[in-house]
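Colleague:
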Amino acid sequence: MLIHAGRRLFSVPRQGVVTYTRCFSTIEDHREPLRILYCGTDAFSTSSLIALDNIRKKFPRIIESIQVLHKSEKPTGRGLKVLSEIPIQKLSRSLGLDTYHISHSNEIAVWTPPKEYNLIIAVSFGLFIPRRLIESAKYGGLNVHPSLLPDLRGAAPIHHALLLKRPVTGVTIQTLDVDKFDHGLRIEQSGPIDLTRGEYVTLESLSRKLGQVGSQILAQCIMNKSYLLGPNTEAPKDGGWSHSPCAPDDERFPPISPAPKITPEMKQIKWETQTFEDIALHRRVLGPTWDKSIHAMNKRIIFHRFEFARDASIFKDLLPGESITVSSPDSNVRTPYVKTCDGPDVGLKMLNWTVEGKRPNCYWIPKKPKSRAMSAEESKKIEGAAA
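Under the UniProt record's numbering, the residues of the sequence shown are numbered 1 to 387, in order.
#1: Beta-carbon within less than 7 angstroms of residue 343's beta-carbon, same chain only, minus the 5 sequence neighbours each way: which residues are those?
#2: For residue 242, does the three-state DSSP call read helix, strand or coil?
#3: Can you tell me the Cα-Cα spacing of residue 354 and residue 59, whole angstroms?
#4: So, helix, strand or coil for residue 283, using DSSP?
#5: Name the two residues that bound the continuous beta strand (DSSP E) containing residue 53.
#6: Determine the closest residue to residue 268 out of 204, 287, 185, with distance taken between C-alpha atoms.
#7: Could you say if the stretch 211-222 and the stretch 285-303 meet the contact criterion of at least three C-beta pairs nearer than 8 angstroms?
#8: Leaving out five residues on either side along the sequence, give the residues of the same chain with a beta carbon under 7 angstroms from the beta carbon of residue 368.
#9: Report yes if the CB atom of residue 39 is closer than 9 angstroms to the CB atom of residue 158, and no otherwise.
#10: Taking residue 66 and residue 33 to be in contact with their CB atoms under 8 angstroms, please state how far apart those CB atoms are, rounded to whole angstroms.
#11: For residue 282, which residues in the same chain have their Cβ closer than 6 angstroms to its Cβ, ignoring the five residues on either side in sequence?
#12: Please report the Cβ distance between residue 164 and residue 227, rounded to the nearest whole angstrom; I am assuming they are in contact, meaning their Cβ atoms lie under 8 angstroms.
#13: On the three-state DSSP scale, how would you describe residue 259?
#14: Could you check the C-alpha separation between residue 207 and residue 316 for me, to the nearest Å?
#15: Consult DSSP for residue 367 and reduce its assignment to one of helix, strand or coil.
#16: Within a Cβ cutoff of 7 angstroms, which residues of the same chain sit near residue 113, ignoring the five residues on either side of it in sequence?
#17: Looking at the unbroken alpha helix (DSSP H) that takes in residue 213, where does it start and where does it end?
#18: Can you check the stretch 109-146 for any alpha helix (DSSP H) of at least 4 residues that lies completely inside it and give the ranges in chain order?
#19: Less than 8 angstroms between C-beta atoms, sequence neighbours within five positions excluded: which residues of the same chain meet that for residue 131?
#20: Taking just the CA atoms, how far does residue 170 sit from residue 192?
#21: Is the stretch 42-53 close to the stretch 79-95, with three or more CB pairs under 8 angstroms?
#22: Taking the alpha-carbon positions, what's the residue 338 to residue 362 distance?
#23: Residues in its own chain within less than 8 angstroms of residue 266 by CB, not counting five upstream and five downstream?
#24: Under the DSSP definition of a beta bridge, which residues are partnered with residue 336?
#25: Do residue 349 and residue 307 have their C-beta atoms within less than 9 angstroms of each other?
#26: Mind checking who residue 40 pairs with in its DSSP beta bridge?
#27: Under 8 angstroms Cβ to Cβ from residue 55, same chain only, skipping five residues before and after it: list those, please.
#28: Specify the secondary structure class of residue 187 as computed by DSSP and reduced to three states.
#29: Under 8 angstroms by Cβ, that's how I've got residue 154 and residue 259 pegged, so tell me the actual separation to the nearest angstrom.
#30: Going by C-alpha distance, which of 255, 44, 35, 365 is nearest residue 388?
#31: Given a cut-off of 9 angstroms, decide if residue 138 and residue 152 are closer than it, judged by their beta-carbon atoms.
#32: So, for residue 196: in the same chain, excluding its five sequence neighbours on each side, which residues have a beta-carbon less than 6 angstroms away from its beta-carbon?
#33: Between the alpha carbons of residue 238 and residue 150, how many angstroms are there, rounded?
#34: What does the alpha-carbon distance come out to for the pair residue 312 and residue 346?
#35: Out of 70, 42, 35, 41, state which residue places its alpha-carbon closest to the alpha-carbon of residue 53.
#36: To which residues of the same chain is residue 240 closer than 7 angstroms at the C-beta, ignoring the five residues directly before and after it?
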């Protein structure tokens with residue numbers, strides 16, 4: 001809810017959304033409507049675009065126009081022959097907005113918007129916006145970043161919030177820095193969103209929540225005109241979470257961490273150090289995990305689905321990362337099990353996998369071949385432990 005007080009608008013905070021607002025405007029009579037260049041790509045960026053377009057439709061004297069810039073579609077599928085439409089492209093078309101695309105960072109270095117703009121808003125764009133574009137905008141640029149900055153600066157803050165088991169996260173509105181990613185002035189920040197209650201355990205659910213919160217505080221920023229920075233505005237000190245107005249100053253909050261881009265190497269299973277819970281967490285956040293070390297020919301095995309297994313008779317002679325194939329008592333199905341580092345009787349049971357260059361769920365030769373037949377009682381015991 002917005003309350004008018006004098007010449008400024010202040011928001012009444014709601015739990016998990018907004019805890020403070022700073023209005024930096026020093027312009028007494030701001031009449032020029034915004035002509036926004038909106039830069040986005042993925043699903044997280046759609047909520048903010050919808051919020052801005054709603055303001056444009058209801059308050060054309062605040063937002064006059066929006067033009068959208070996004071990265072080109074990436075080829076997908078076997079042989080990379082299918083172009084998949086990205087979320088922001090589909091949305092901007094449905095809203096009737098002028099939409100443009102670029103392929104890579106070299107292209108944006110020379111690209112110029114076809115229409116006039118006075119504010120850039122970047123939301124999960126994925127490319128660095130060059131200085132000349134930012135400085136050409138009368139009001140510079142804003143970025144909606146899904147973390148409580150200065151924590152989790154980088155390309156993948158939502159992924160790392162889950163992987164690092166952060167107790168809370170949130171959204172920050174910052175200015176676009178002309179030299180570095182995520183080093184602008186923090187002008188709005190959401191309240192902490194609790195990640196300990198199990199509501200947001202997947203990348204999709206947390207991204208959806210943060211997208212909603214980000215769109216709310218971005219709309220507040222536009223309506224409050226807090227993007228009009230005063231001449232004496234200083235960036236908050238980056239001494240840790242305790243300097244963030246949204247994070248409690250206590251020892252539950254760990255030191256700030258970076259959030260680098262997700263690479264294929266991050267999806268590789270590290271049997272010596274990752275517990276079953278760690279492996280399952282990486283699968284849930286990053287998608288299918290993989291490993292080469294357990295295959296006799298060092299071929300990549302992709303783990304699509306697996307489940308927890310506890311049985312001393314299966315894992316007692318195995319080291320972490322070693323596997324065994326167990327034959328079912330009532331069929332010819334051979335099921336691979338891999339020992340994890342949890343303890344002497346714990347590992348994972350592979351349910352769906354793909355060996356590099358082979359059909360799904362085909363048999364593969366372990367680096368240290370071990371196999372045995374499973375009795376009916378053992379089969380029921382493992383199924384009960386997994387349940």
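From the three backbone atoms N, C-alpha and C, an ideal C-beta is built for every residue, glycine too.
Modeller: In short:
#1: none
#2: Residue confidence is low: residue 242 scores 41 on pLDDT, short of 50, so the model does not pin down where it sits. No coordinate-derived value is stated.
#3: 53 angstroms
#4: helix
#5: Careful: residue 53 lies outside any beta strand (DSSP E), inside the alpha helix (DSSP H) at 44-58.
#6: 287
#7: no
#8: 322
#9: no
#10: The Cβ separation is near 11 angstroms, so there is no contact.
#11: 289
#12: Incorrect: roughly 30 angstroms between the Cβ atoms, too far for contact.
#13: coil
#14: 41 angstroms
#15: coil
#16: 37, 67
#17: 203-224
#18: 131-136
#19: 178, 179
#20: 5 angstroms
#21: yes
#22: 16 angstroms
#23: 282, 286
#24: 325
#25: yes
#26: 123
#27: 62, 63, 219, 222, 223
#28: strand
#29: 4 angstroms
#30: Since the first residue of the chain shown is 1 and the last is 387, residue 388 is not available in this structure.
#31: no
#32: 167
#33: With a pLDDT of 44 at residue 238, under the threshold of 50, the modelled position of this residue cannot be trusted; read the value that follows with caution. Residue 238 and residue 150: Cα-Cα distance of roughly 6 angstroms.
#34: 7 angstroms
#35: 35
#36: The pLDDT assigned to residue 240 is 36, lower than 50, so where the model puts this residue is not dependable, and the model offers no usable value.
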